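Chemist:
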Amino acid sequence: MQTNKWLVVLSITIISAITAIYMGVKEQFHLDETRPVAPLQKELSSWVVDWQWKSGLEDFRRMSSGLGSLQLFAVYFDEADVLYMTEDMKKAFPSMLQAAQDASISKVYLTLVNDRYLQDGTEVQKDPDLLTRLLGSEAARSKHIGEILSLMSQYHIQGVEIDYEKVKDSDWSKVTAFYKELYEALHQQGKSLRIVLESRAPIEQLDLPTGPEYVMMAYNLYGTHSDPGPKADYTFLDKLARRMNHLPGDNVIAISAGGFDWSGQGKVTAVTEKRAVELALQAVASPERDTASGSLHFEYVDDKGEKHTVWYADDSTLIGWLDTLRRDGYGKAAIWRLGELSENSLAKLKSWHEDH
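Per the UniProt record's numbering, the very first residue in the sequence shown carries number 1; after that it's consecutive.
1) My parser needs the beta strand (DSSP E) runs of 3 or more residues fully inside the stretch 228 to 311; what are they?
2) Is Y234 buried or exposed, if buried means 16 or more other CB atoms sit within 10 Å of its CB?
3) Name the residue from S226, N114, E288 and H187 whose alpha carbon lies nearest to the alpha carbon of S313.
4) Which one or two residues does DSSP pair with R61 in a beta bridge?
5) Would you check if the distance between the CB atom of L346 and the CB atom of R62 is smaller than 7 Å?
6) Please report how far the alpha carbon of G223 lies from the alpha carbon of D261, in whole angstroms.
7) Please go through the same chain and pick out, in chain order, the residues whose beta-carbon is closer than 8 Å to the beta-carbon of D81, but skip the five residues on each side of it.
8) Do K126 and H353 have their CB atoms nearer than 7 Å?
9) So if DSSP puts F73 in a beta bridge, which residue, or which two residues, is it bridged to?
10) Between the C-alpha atoms of L193 and D59, what's the straight-line distance to the nearest angstrom?
11) By Cβ distance below 8 Å, which residues in the same chain neighbour H308 in space, the five residues on each side in sequence not counted?
12) Per DSSP, what are the beta-bridge partners of D163 in this structure?
13) Rank A333, A285 and H187 by C-alpha distance to the C-alpha of V310 and give the top, closest one.
14) With DSSP as the reference, identify every bridge partner of M152, one or two as the case may be.
15) Please report how far the alpha carbon of T324 lies from the alpha carbon of I335, in whole angstroms.
16) To which residues does DSSP link I195 through a beta bridge?
17) Does DSSP classify Y330 as helix, strand or coil?
18) With distances taken from CA atoms, which of N220, P248, A276 and K107 is nearest H156?
19) Take the Cβ of Q119 as the centre, count every other Cβ of all protein chains shown within 10 Å, and call the residue buried at 16 or more, exposed below.
20) Between S95 and L338, what straight-line distance do the alpha-carbon atoms span, to the nearest angstrom?
21) Among V271, A254, Y183 and P248, which one has its Cα closest to the Cα of M217?
22) Would you kindly check if the distance between the Cβ of E340 and the Cβ of K274 is under 7 Å?
23) In angstroms with no decimal places, state the Cα-to-Cα distance between T291 and A232.
24) Given that a residue counts as buried once 16 or more other Cβ atoms are within 10 Å of its Cβ, and exposed if not, what is G66?
25) Mark L44 as exposed unless 16 or more other C-beta atoms lie within 10 angstroms of its C-beta, in which case mark it buried.
26) For H144, count the other beta carbons within 10 Å of its own beta carbon; 16 or more makes it buried, fewer makes it exposed. Which is it?
27) How big is the Cα-Cα spacing for V271 and D88?
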């Protein structure tokens, strides 16, 4: 009997200890933080880029009724840190604005990115030093904000999107101050602000202002920096969605169409969905679908005898990612980017918000 009593006491002690440990872990890691699944506002937005604006505009016209807003990926910086727009985008701008108007889309955003175009024709992509100069002091930020407002007025745009990437750890306090100051300046004029964040951004430690709409980049899990693999998988999306709980407001998660082509020599090239389908005609075997990501992948040999591996997203991949995010509590999503999407992808994206 003494042995039985001792076992009962020991069992109760162990159960109590396990419960205490679980509650501590739950509190520390916020395991009970989940976003409400319903009601969900379901909305898609997307980008048209200057280097592929014609096919991007064609895709937009095919699925415009399924979009809530349009982002024009349009504005960079020149060698003197002055806002810069390519000649292609300047020519395309009237057509883009007219297409948005025809589709009754009132929310059109001008996207600014910290790429620099130099006089010798070269580019510096995602330049962190540029951000240090632009945002390093209150006076510098005020000057930059004034230039942004002037550009928006020139092109009659009611929204701006900031896509400043590779921020130095030492600059984050200045960057968040810029977000706050820019939002306040835009809000006074009745204009909107979206802010794009990389998945690597330390959002748990940042004091990001309330007001802007934040867009988390849920892609580039694999890409130019890695061996072959999908742009995103379901685990990656789930983790990002949980991290988004640290952001203020009702925000957006962006997924990416297309994919990458890895050559045997180490070169990695971005491919659109249509280009991937063309390359699949040369495949050694039919494309296979990865269960962890829903992405398609295949291998082919080019005309020089070099082996390639391609991973890309088709319509099933994109809808699978959107459904995953919706189950995670996010019905607002963005598609990077329009241009050479398949007819199936365009049709399914267009109807996604109606069918779910």
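Glycine included, every Cβ here is placed at the ideal spot set by N, Cα and C.
Bear in mind the structure is a predicted one, so any value in this text is a computation, not a measurement.
Modeler: Working from what's here:
1) The qualifying runs are 252 to 256, 258 to 263, 268 to 271 and 296 to 301.
2) With 16 or more neighbouring CB atoms inside 10 Å of its own CB, Y234 falls in the buried class.
3) Sequence inspection shows Ala at residue 313; the Ser mentioned does not correspond to that position. If we check each option's Cα against that of A313, E288 comes out closest.
4) Per DSSP, none; premise fails for R61.
5) When the beta-carbon positions are compared, L346 and R62 come within less than 7 Å of each other.
6) Each residue's alpha carbon lies about 9 Å from the other.
7) Cβ neighbours of D81 beyond the five flanking positions: R116, L130, R133 and L134.
8) Between K126 and H353, the C-beta spacing is not below 7 Å.
9) The partner list for F73 (beta bridge, DSSP) reads V49 and T111.
10) Computed Cα separation, rounded: 25 Å.
11) These residues qualify, in order along the chain: D261, W262, S263, G264, L279, E299, Y300, V301 and D302.
12) BP columns for D163 point to V113.
13) The shortest C-alpha separation from V310 is found at A285.
14) Per DSSP, M152 has no beta-bridge partner at all.
15) For T324 and I335, the distance between alpha carbons rounds to 15 Å.
16) In DSSP, I195 forms a bridge with I162 and Y214.
17) Of the three classes helix, strand and coil, the one that applies to Y330 here is coil, per DSSP.
18) Closest by alpha carbon: K107.
19) Answer is exposed; the Cβ neighbour count stays below 16.
20) S95 and L338: Cα-Cα distance of roughly 15 Å.
21) When each option's Cα is compared against that of M217, the closest is A254.
22) Cβ distance < 7 Å, so K274 and E340 count as in contact.
23) T291 and A232: Cα-Cα distance of roughly 12 Å.
24) Burial check for G66: the Cβ neighbour count within 10 Å reaches 16 or more, so the residue is buried.
25) By the 10 Å Cβ count, L44 comes out buried.
26) The residue is buried, with at least 16 neighbouring Cβ atoms inside 10 Å.
27) One C-alpha to the other measures close to 21 Å.
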